[in-house]
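Visitor: As they're listed, the protein sequences go chains A and B. Residue numbers for the first sequence follow our numbering, so the first one is 1 and each next one is one higher. Residue numbers for the second sequence follow our numbering, so the first one is 1 and each next one is one higher. Built from N, CA and C at the ideal position, the CB exists for glycine as well. Since the structure is predicted, the reported quantities are computational estimates derived from the model, not experimental observations. My questions all concern the structure below.
There are 2 protein chains.
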Amino acid sequence: MNISNFGRKIAVQSGIGQLMDDLGAALAQKGDVLMLGGGNPAHVPEVERYFRRSMEAILADSDRFERTVGDYDPPGGNVEFRRVLAHLLREQFGWDISLANIALTSGSQSAFFILFNLFGGRYEDGTVKKILLPLTPEYVGYSDVGLTPDLFTAIRPKIEHLDQHLFKYHIDFDNLRIGDDIGAICISRPTNPSGNVLTDSELERLSDITRARNVPLIVDNAYGTPFPHIIYTDADPIWDQNTIVCMSLSKLGLPATRTGIVIAREEVVEMVARVNAVLSLAPVRIGAALATDLVRSGEIVRLSRDLIAPFYHAKAQHALELVTKHFDGLDYRVHRPEGAFFLWLWLPNLPIASLELYERLKARRVIVVSGHYFFPGLTDPWPHKHECLRLSYAQNEATVAAGIQTIAEEVRRAHAAPS
Amino acid sequence: MNISNFGRKIAVQSGIGQLMDDLGAALAQKGDVLMLGGGNPAHVPEVERYFRRSMEAILADSDRFERTVGDYDPPGGNVEFRRVLAHLLREQFGWDISLANIALTSGSQSAFFILFNLFGGRYEDGTVKKILLPLTPEYVGYSDVGLTPDLFTAIRPKIEHLDQHLFKYHIDFDNLRIGDDIGAICISRPTNPSGNVLTDSELERLSDITRARNVPLIVDNAYGTPFPHIIYTDADPIWDQNTIVCMSLSKLGLPATRTGIVIAREEVVEMVARVNAVLSLAPVRIGAALATDLVRSGEIVRLSRDLIAPFYHAKAQHALELVTKHFDGLDYRVHRPEGAFFLWLWLPNLPIASLELYERLKARRVIVVSGHYFFPGLTDPWPHKHECLRLSYAQNEATVAAGIQTIAEEVRRAHAAPS
């Protein structure tokens, strides 16, 4: 079938498309598959109860349900939700914003599609600008959103060894140069896939540099603070006129409602709303509706800190213990889990590439994601890119335990018989 | 702020963006505004009851609510919904399809963004293909979705005068030429804005021509049959391997759930799913969940035919009577309302452009849409383009009645004092 370049790039050759097909095909055989691959959040019963109660309240409140499903929101998203969210962020965190600084999108992914193509790509004067990812590994979902080729550029991280098996990535500020070919900078905090949380001082330094260069700093806060706050270190929510913070209701437990949140200076928010109109008329309303009361009361911050963060932190600790146990004697490292819900496993000197390890694991019905997907824009030949796996620890303990055991077995086998 | 060409085209210069801003600003002063401008469907109480019961059933069915909001669907959309919909269309209407022929999107608008840019735009061999709209006026929402400039081309319709005041557009087949520069053809049926319903024989002829030329025929069935079936004439639901039927749950009463449905040959559906993954990971799940039981039982077809069609048909008749009454003595024509929920008012020899009339009406707090927006791709200077208004009759009777009365007054005034 004859299709356009857009189709070839986005619909056919997209890595994330192939990855999601693969995950989907694996899931279709469900039952005896150990799914450590996807980004689906856990079902946290205490949190789910809030959303169930919220839907019951919507149904009980005269025609609120009918309005929630039956009336389009404006292209920028539900006004009441944006109003209470602006209030929360202003009062609790001192952000100097109003509802005009907030637009909703069809999930974070849609926000990145919009923002990266707004600031990256071809400009009227003929120049082509890139999105700089100052810290790789970085989120696989960015890889394919570029409407122009080679939208990303990235630099290698510095690696801090915390002990024999724990490490942490840092931005290599010495090699961070923001030329005229950079349209925006983006980091995820916590980082998907590594679980790294940029320190406040790293973020401030990045913020200073980008502000000085007049280049927007996009912070992918999908797992971040103040909600869902899947963060196990100290980290403050920061925002200023040069920063575009992208949040989401997904990891709070509402992924299927596709609710992304962009917080930025007003002209950026207006542009996001305009693109929403062209892409899908308006964002979906139900996610905002389910969360409005939680945001109005501030409860969303408390439940993130008191329920969600400890829930995933315990899972992270447990997953780390399992790795320590099963990988004993193997050459391995793990990024210190500081947030999100992934273990980033580094297998130095692995005799096979991570993609081959992924295939072998899939044959044993353990689904992970090969680390090589998570280096968008990093063109260096760097062996590290093929030595890592991302494992979700969001699923139940038995799945995670059996998965990690099988991974260790396959790594051991690969070292024993490389070919 | 410095932004890319994509940003300039989609976020800044977009006509639909400006239109929606304008509608939004008008709505923000709600209360005493007569809104005949938007595309929001009516609240049909008998239909709303189905969706309320559906949500209650989801809440009552163990953890179905939690899965509905808490688990990502695959990029092609909810599998169970696609399965029961394929079954319905196969069994009741003889379409030779399975769930692999169906993908969901974030509303119809998103489907058109994807499809028009898949088939239109720049191809690998350097050619640039257009989307041909064989019958204008055509839906304003298409206008801005092109990632490349001048994505559309269109031809003037033939006009059949049914009586002194009623007319109907027809495709001018004599002037319909499908050159190598055409990537796909698209028609909305019923047509938004005119309420025209292409006859079965017109549609078959179009289908034959496109099949012979190996160019996909995209049918925008957002108001069409078998659901929501806002159609007052005889019209069959048709599909074949060369046809891409785009449906929606919006006009059924679920616009805020953003649920579009693309029914096409498998390779097209796979591409739509891939683009979904890049644009927003996966479609929202709640719309599909609310409608699944209605589709499984076939009730969706009955309620569309027995509740929704008569509801809007009565409103159409009433609106037509109001026009007949208030426009008495004026030079006016109305497209025969055959479906959708708009009156398309043609004011031949209007001394002012429709956009100016729109402005004067807005000053009197009556919001309509100027007809000139609805000719994407038609570059001819044709006075007709500036002589029409689109009025929604979906709102309550008092609003529609007062709105039409004010429009007639302003038209009369314009004729009396043109400048």
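Find the residues of chain A that neighbour MET247 (chain B), judging by a C-beta separation of less than 8 angstroms, and give them in chain order.
Guide: Locating residue 247 (chain B) in the second sequence gives position 247, where the first residue counts as 1. Going along chain A, no residue has its Cβ under 8 angstroms from MET247 (chain B), so there is no contact; the nearest lies around 15 angstroms.
Visitor: Using three-state DSSP, classify TYR169 (chain A) as helix, strand or coil.
Guide: Reading the first sequence from its first residue, position 169 is the one you call residue 169 (chain A). Residue state, collapsed to three classes: strand.
Visitor: Listing by chain order, which chain B residues have their CB less than 7 angstroms from the CB of HIS87 (chain A)?
Guide: As a first step, residue 87 (chain A) must be located in the first sequence, where it is residue number 87. Chain B residues near HIS87 (chain A): none, gap ~19 angstroms exceeds 7 angstroms.
Visitor: So for LEU303 (chain A), helix, strand or coil by DSSP?
Guide: Locating residue 303 (chain A) in the first sequence gives position 303, counting from the first residue. LEU303 (chain A): helix per DSSP, three-state reduction.
Visitor: Verify the CB distance criterion: does PHE6 (chain A) have a CB-CB separation below 9 angstroms to chain B?
Guide: Position 6 of the first sequence holds residue 6 (chain A). So yes, PHE6 (chain A) belongs to the interface.
Visitor: Among residues of its own chain, excluding the 5 on either side of SER304 (chain A), which ones have a beta-carbon nearer than 6 angstroms to its beta-carbon?
Guide: Your numbering for residue 304 (chain A) matches position 304 in the first sequence. Around SER304 (chain A): PHE227, PRO228, HIS229.
Visitor: Does chain B have any CB closer than 9 angstroms to the CB of PRO283 (chain A)?
Guide: Numbered from its first residue, the first sequence carries residue 283 (chain A) at position 283. Judged by the 9 angstroms Cβ criterion, PRO283 (chain A) is in contact with chain B.
Visitor: Report the rounded CA-to-CA distance for LEU198 (chain B) versus PHE341 (chain B), giving the unit in angstroms.
Guide: Locating residue 198 (chain B) in the second sequence gives position 198, counting from the first residue. Locating residue 341 (chain B) in the second sequence gives position 341, counting from the first residue. Spanning the two alpha carbons is a distance of roughly 16 angstroms.
Visitor: Whose Cβ in chain B lies nearer than 7 angstroms to the Cβ of SER280 (chain A)?
Guide: As a working note, residue 280 (chain A) is residue 280 in the first sequence. Those are SER106, GLY107, GLN109, SER110, ARG258, listed as they occur along chain B.
Visitor: Which residue comes first and which comes last in the alpha helix (DSSP H) that contains ILE308 (chain A)?
Guide: One-based indexing of the first sequence puts residue 308 (chain A) at position 308. Where ILE308 (chain A) is concerned, there is no enclosing alpha helix (DSSP H), given that its DSSP letter is neither H nor E.
Visitor: Around the C-beta of GLY329 (chain A), are 16 or more other C-beta atoms found within 10 angstroms, so that it is buried, or is it exposed?
Guide: Against the first sequence, residue 329 (chain A) aligns to sequence position 329. Exposed.
Visitor: Which whole runs of the beta strand (DSSP E) in the stretch 215–261 of chain A are 3 residues long or more, in chain order?
Guide: Fully enclosed beta strand (DSSP E) runs of 3 or longer: 217–220, 243–248.
Visitor: Of all the residues that make up the stretch 9–20 of chain B, which are near chain A by a beta-carbon distance shorter than 8 angstroms?
Guide: So the list reads ILE10, ALA11, VAL12, SER14, ILE16, GLY17, MET20, given in the order they occur along the chain.
Visitor: Could you list which residues in chain A have their beta carbon closer than 8 angstroms to that of THR68 (chain B), in chain order?
Guide: Here residue 68 (chain B) is taken as the residue at index 68 of the second sequence, counted from 1. Chain A residues near THR68 (chain B): ALA256.
Visitor: Contact check, ASN101 (chain A) vs GLU266 (chain A) under 8 angstroms by CB: the rounded distance?
Guide: As a position in the first sequence, residue 101 (chain A) is number 101, starting the count at 1. As a position in the first sequence, residue 266 (chain A) is number 266, starting the count at 1. Yes, ASN101 (chain A) and GLU266 (chain A) are in contact; Cβ-Cβ is about 6 angstroms, under 8 angstroms.
Visitor: By the criterion of Cβ-Cβ separation under 8 angstroms, what are the contact partners of HIS229 (chain A) in chain B?
Guide: For this step, residue 229 (chain A) is matched to residue 229 along the first sequence. Correct list: empty, because the minimum Cβ distance to chain B is about 18 angstroms.
Visitor: For GLY24 (chain B), count neighbouring C-beta atoms within 10 Å of its own C-beta (all shown protein chains included) and say buried if the count is 16 or more, exposed if not.
Guide: Residue 24 (chain B) sits at position 24 when you count from the first residue of the second sequence. Counting Cβ neighbours within 10 Å, GLY24 (chain B) comes out buried, since at least 16 surround it.
Visitor: Please say whether LEU59 (chain A) and PHE65 (chain A) have beta carbons closer to each other than 9 angstroms?
Guide: One-based indexing of the first sequence puts residue 65 (chain A) at position 65. One-based indexing of the first sequence puts residue 59 (chain A) at position 59. Closer than 9 angstroms, so yes.
Visitor: Just list the residues that DSSP pairs PHE152 (chain A) with in beta bridges.
Guide: What you label residue 152 (chain A) is simply residue 152 of the first sequence in a count that begins at 1. PHE152 (chain A) is bridged to A:ILE131.
Visitor: State the DSSP-derived secondary structure class of LEU147 (chain A), mapped to helix, strand or coil.
Guide: Taking the first sequence and counting its residues from 1, the one referred to as residue 147 (chain A) is at position 147. In the structure shown, LEU147 (chain A) falls within a coil segment according to DSSP collapsed to helix, strand and coil.
Visitor: What residues match up with ARG339 (chain A) in a beta bridge as DSSP calls it?
Guide: By 1-based counting over the first sequence, the position of residue 339 (chain A) is 339. Arg is not the amino acid found at residue 339 (chain A); the sequence shown has Gly there. According to DSSP, GLY339 (chain A) bridges with A:ILE231.
Visitor: Would you list the residues sitting across from ARG390 (chain B) in a DSSP beta bridge?
Guide: As a first step, residue 390 (chain B) must be located in the second sequence, where it is residue number 390. Bridge partners of ARG390 (chain B): B:TRP344, B:VAL369.
Visitor: What does MET271 (chain A) touch in chain B if you count any residue whose Cβ is under 8 angstroms from its own?
Guide: Here residue 271 (chain A) refers to the residue found at position 271 of the first sequence. Under the 8 angstroms cutoff, chain B gives ILE3, GLY7, ALA11, VAL12.
Visitor: For MET35 (chain A), write down the residues that DSSP places opposite it in a beta bridge.
Guide: On the first sequence, position 35 is the one that residue 35 (chain A) refers to. Answer by DSSP bridge pairing, in chain order: A:ILE367.
Visitor: Kindly indicate the opening and closing residues of the beta strand (DSSP E) around LEU378 (chain A).
Guide: In the first sequence, the residue the question calls residue 378 (chain A) occupies position 378. Where LEU378 (chain A) is concerned, there is no enclosing beta strand (DSSP E), because DSSP gives it neither an H nor an E.
Visitor: Does the beta carbon of VAL275 (chain A) come closer than 9 angstroms to any beta carbon on chain B?
Guide: The residue labelled residue 275 (chain A) in the question sits at position 275 within the first sequence. True, the Cβ-Cβ gap to chain B drops below 9 angstroms.
Visitor: What first and last residue would you give for the beta strand (DSSP E) that runs through GLU138 (chain A)?
Guide: As a first step, residue 138 (chain A) must be located in the first sequence, where it is residue number 138. No beta strand (DSSP E) holds GLU138 (chain A); DSSP gives it neither H nor E.
Visitor: Could you give the residue range of the alpha helix (DSSP H) that holds ALA273 (chain B)?
Guide: One-based indexing of the second sequence puts residue 273 (chain B) at position 273. Looking at the DSSP string, the run of the alpha helix (DSSP H) that includes ALA273 (chain B) is 266–280.
Visitor: May I have the straight-line CA-CA distance separating LEU166 (chain B) from GLU338 (chain B), to the nearest angstrom?
Guide: In the second sequence, the residue the question calls residue 166 (chain B) occupies position 166. In the second sequence, the residue the question calls residue 338 (chain B) occupies position 338. About 12 angstroms.
Visitor: Does the beta carbon of MET35 (chain B) come closer than 9 angstroms to any beta carbon on chain A?
Guide: Mapped onto the second sequence, residue 35 (chain B) falls at position 35. Not an interface residue.
Visitor: Is there contact between the stretch 305–323 of chain B and the stretch 303–318 of chain A, where contact requires at least three CB pairs shorter than 8 angstroms?
Guide: no
Visitor: Looking at chain A, is there any beta carbon in it that lies within less than 9 angstroms of the beta carbon of ILE178 (chain B)?
Guide: Translated into the one-based positions of the second sequence, residue 178 (chain B) becomes position 178. Taking Cβ atoms only, chain A never reaches closer than 9 angstroms to ILE178 (chain B), which makes this a no.
Visitor: For LEU391 (chain A) and ASP236 (chain A), what's the separation of their Cα atoms in angstroms?
Guide: Walking along the first sequence from the start, residue 391 (chain A) turns up at place 391. Walking along the first sequence from the start, residue 236 (chain A) turns up at place 236. In a straight line, the C-alpha of LEU391 (chain A) is about 26 angstroms away from that of ASP236 (chain A).
Visitor: Using only CA atoms, which one of A:HIS43, A:ALA277, A:ALA42, A:LEU252 lies nearest to TYR223 (chain A)?
Guide: Within the first sequence, the letter at position 223 stands for residue 223 (chain A). A:LEU252 is the residue among A:HIS43, A:ALA277, A:ALA42, A:LEU252 whose C-alpha sits nearest the C-alpha of TYR223 (chain A).
Visitor: Determine contact between the stretch 112–119 of chain A and the stretch 267–276 of chain A, defined as no fewer than three beta-carbon pairs at a distance below 8 angstroms.
Guide: yes
Visitor: Short of 6 angstroms in beta carbon distance, which residues of its chain neighbour LEU378 (chain B), apart from the five on each side in sequence? Order them along the chain.
Guide: Locating residue 378 (chain B) in the second sequence gives position 378, counting from the first residue. Result list for LEU378 (chain B): THR136, ALA154, in chain order.
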